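Have a look at this one:
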């Protein structure tokens with residue numbers, strides 16, 4: 001396999017973007033990554049796109065061709081492929097792009113992720129997101145994502161003594177980080193009390209425990225590492241990209257308190273990279289709900305099982321500590337346009353590893369990890385990226 | 001890049017399968033391919049799945065995880081990835097699987113395709129299929145797929161003198177082939193007069209010019225060529241897998257009478273394989289409409305532009321001639337469960353190249369080609385497979 005580098009990144013602002021369609025989001029993100037990589041469009045060999053449900057959100061499937069067309073790439077008839085795995089769509093698209101370069105099939109590959117969610121109301125949006133769960137055994141009985149995550153939270157509290165305040169502290173931290181990110185949907189700090197008193201969604205989770213409904217796009221440009229210096233002085237190396245699956249429904253799992261797919265994907269990724277959790281200075285993890293981040297930092301091996309809540313409340317994952325988690329603001333504050341999220345995580349890691357993260361820069365960042373989740377942990381992809389010195 | 005072989009194939013019957021859900025279709029096809037490859041499930045490293053719109057057809061996204069789960073593969077946490085490009089979803093999933101093996105990322109990869117279409121009525125089905133076209137510039141103005149293909153047919157008749165009878169002869173041939181395929185949705189020969197007199201759908205195209213709405217699944221197992229003999233005495237080699245895109249809407253094309261993405265994907269594939277059109281003995285092409293097959297055999301380089309209708313009417317693509325096209329019955333007679341189609345094409349080629357196609361066997365088949373189309377030619381993938389002697 002050839003070694004793969006990231007030579008360009010780009011994104012839109014995340015939020016309720018009433019004046020932008022899905023195609024606008026995809027194109028703006030893609031073009032900004034292409035400019036960042038100092039590429040002319042002619043050099044692009046292939047496009048991968050992560051998107052969960054444009055069919056339901058915007059009545060349009062065939063998104064690869066859509067974005068290829070409207071970004072002008074169809075002129076050169078480049079291959080354009082959409083990948084879907086619910087919330088992990090972006091991370092999986094990135095992994096396909098890495099394989100396309102690693103295999104020698106393509107040299108310059110653009111990986112984008114985009115979702116246009118706000119054209120439908122909140123209720124329909126919740127229904128659409130619930131299509132990531134098991135329609136036959138979960139959704140058809142009325143379970144939506146907040147409900148499933150509320151069960152996870154309750155059980156984690158029961159088994160490990162995790163407190164409501166510890167769970168809420170995830171939101172406080174991520175809003176603090178988001179306040180330093182000019183592309184974030186929410187750039188405002190919030191207090192612990194505000195999270196605790198926020199409108200109940202599915203108890204114990206309130207409004208401020210849930211990632212928002214968002215529009216947004218993100219993109220990166222990949223090429224073989226040996227050619228990367230031709231385009232940029234600061235290539236970032238893909239040290240690992242690993243993926244794992246689990247049962248679609250929570251009911252078939254041994255435990256509600258862990259996502260085994262995260263643990264397995266992380267083990268595979270650390271093995272590929274020849275690294276351990278202690279070698280990572282920053283991680284973007286999939287905090288679609290506050291409790292999700294606690295599971296993530298435990299399952300990834302950063303903290304022992306049951307200690308993630310305490311670690312977060314103690315500030316051990318806040319910017320400035322040994323391990324900074326979700327410096328972008330995470331899904332909670334940066335926003336969660338589903339298909340874009342996994343790619344946006346990579347964009348944040350690259351900015352940090354290049355030393356371009358401005359007020360939220362992690363000093364001495366050498367290795368970053370991204371964990372992107374589909375459903376309640378039925379698909380997980382873990383990327384590990386490193387500075388090239 | 002490592003060389004890649006197909007070591008197992010499987011499929012369900014295609015048709016209106018009222019007693020099978022999407023998960024049943026995926027699992028039955030996948031398991032039959034796994035048995036055919038003499039594999040235990042433990043050896044499988046990754047799963048790719050082609051599916052166009054389970055979100056709209058069955059209210060379920062996250063199909064990779066669904067099939068992985070219900071086939072028992074989630075137990076080993078193997079990566080499962082869904083790929084979507086409308087009608088080309090299956091062919092693209094196959095191409096991703098090939099890259100996963102070629103790159104060295106995975107050894108044993110199962111590629112499946114499935115679609116459950118008949119749970120919604122014909123009208124909704126037509127609407128869902130139309131999401132493969134440009135929602136903003138085609139569908140929202142009332143254009144559906146039959147209408148777009150009718151325009152293509154009219155223009156081809158106008159420019160090249162292609163006759164209504166020549167177009168209809170595609171359906172007659174494919175039903176003849178389908179009558180020899182026990183897995184086909186329609187196993188009945190039809191007369192030219194029946195096609196000409198069939199209920200008008202979008203003139204000049206009638207009911208018998210259109211592929212049916214279908215349920216079905218198909219799957220193949222891939223591995224590195226050097227390991228293939230461990231599993232089978234009749235491995236089939238992937239000589240090429242190439243993909244190209246074009247504008248999503250017909251309005252932005254230079255001509256209605258050709259799919260440039262077919263021509264470009266074919267050129268790329270023939271270059272990879274070191275072959276020419278004359279080296280191919282059988283082809284599975286994307287005859288979602290009768291006129292589509294005429295475009296396909298011209299754009300692939302088998303016949304000069306404008307001569308495809310005459311060639312078909314003259315029997316030059318019928319079983320027994322130098323080039324047999326759609327021996328399976330094609331989309332028209334075998335059926336078109338959208339996400340399954342591109343994989344089913346590969347299944348048919350493999351059966352032919354192994355000499356296992358029974359009454360429809362192409363004698364001396366050495367090289368086969370599959371052309372899988374998304375939308376009205378916005379995505380095309382071409383696979384070339386060869387016997388290993």
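Chains as they are written, first to last, in my numbering: chain A, 1 to 389; chain B, 1 to 389. Built from N, CA and C at the ideal position, the CB exists for glycine as well. Small disclaimer: the values here were computed from a predicted structure and weren't measured.
- Ranking 34(B), 82(B), 328(B) by CA distance to the CA of residue 359(B) puts 328(B) first.
- When Cβ pairs closer than 8 Å are counted between the two stretches, the segment 304-321 of chain B is seen not to touch the segment 377-386 of chain B, the count staying below three.
- Taking C-beta separations shorter than 8 Å and ignoring five residues to either side along the sequence, the partners of residue 42(A) in its chain run 76, following chain order.
- In this structure, residue 349(B) keeps its C-beta atom at 8 Å or more from the C-beta atom of residue 333(B).
- A contact is defined here as three or more CB-CB pairs under 8 Å, and the segment 147-161 of chain B fails this definition with respect to the segment 186-200 of chain B.
- Shown here for residue 109(B): same chain residues with a beta carbon closer than 8 Å to its own, the five before and five after excluded, namely 44, 45, 46, 47, 48, 97, 100, 101, 221, 222, 223 in chain order.
- Going by DSSP, residue 5(B) is part of the beta strand (DSSP E) stretching over 4-11.
- With 16 or more other Cβ atoms inside 10 Å of its own Cβ, residue 79(B) counts as buried.
- Secondary structure at residue 332(B): helix, using DSSP grouped into helix, strand and coil.
- One thing to note: residue 335(A) has its Cβ within 8 Å of the Cβ of residue 185(A).
- About 6 Å separates the Cβ atoms of residue 82(A) and residue 51(A), confirming a contact at the 8 Å cut-off.
- A Cβ-Cβ distance of about 19 Å is found for the pair residue 148(A) and residue 168(A), leaving them out of contact under the 8 Å criterion.
- In this structure, DSSP gives residue 121(A) a state outside helix and strand, which the three-state scheme calls coil.
- Put simply, the CB of residue 74(A) is near chain B, with a gap under 8 Å to one of its CB atoms.
- Excluding the 5 residues flanking it on each side, residue 106(B) has same chain C-beta neighbours closer than 6 Å at 45, 46, 100, in chain order.
- For residue 84(B), the enclosing beta strand (DSSP E) starts and ends at 80-84.
- With respect to residue 14(A), residue 343(A) sits apart: the two C-beta atoms are not nearer than 8 Å.
- In the structure shown, residue 70(B) falls within a helical segment according to DSSP collapsed to helix, strand and coil.
- When DSSP states are grouped into helix, strand and coil, residue 191(B) belongs to the coil group.
- Between residue 56(B) and chain A, the shortest Cβ-Cβ separation is below 8 Å.
- In this structure, the CA atom of residue 351(B) is about 15 Å from the CA atom of residue 383(B).
- Taking a beta-carbon distance threshold of 8 Å, residue 353(B) does not count as an interface residue toward chain A.
- By alpha-carbon distance to residue 363(B), the top candidate from 281(B), 180(B), 255(B) is 281(B).
- Judged by DSSP in its simplified three-state form, residue 32(B) adopts helix.
- In this structure the segment 235-250 of chain A lies against the segment 269-285 of chain A, because at least three pairs of beta carbons, one per stretch, are closer than 8 Å.
- In the structure shown, the three-state DSSP call for residue 323(B) is coil.
- Legend: CB atoms of the segment 98-111 of chain A lying less than 8 Å from CB atoms of chain B belong to residues 99, 100, 102, 103, 104, 105.
- Per DSSP, residue 384(A) lies in no alpha helix (DSSP H); the unbroken beta strand (DSSP E) holding it starts and ends at 379-387.
- Counting only runs of 3+ residues, the beta strand (DSSP E) found wholly inside the segment 155-224 of chain A occupies 200-202, 215-224, in chain order.
- Taken in chain order, the unbroken stretches of alpha helix (DSSP H) that lie wholly in the segment 96-153 of chain B and span 4 residues or more are 122-129.
- Taking a C-beta distance under 8 Å as the contact criterion, residue 130(B) and residue 65(A) do not qualify as a contact pair.
- By the CB criterion at 8 Å, residue 118(B) and residue 236(B) fall outside the cutoff.
- Of the residues 70(A), 55(A), 59(A), 5(A), the one whose Cα lies closest to the Cα of residue 25(A) is 70(A).
- Burial of residue 57(B) is indicated by the presence of at least 16 other C-beta atoms within 10 angstroms of its C-beta.
- Looking at 225(A), 234(A), 248(A), the one whose alpha-carbon comes closest to that of residue 136(A) is 248(A).
- Neighbours of residue 78(A) across chain B, judged by C-beta separation under 9 Å: 243, 244, 245.
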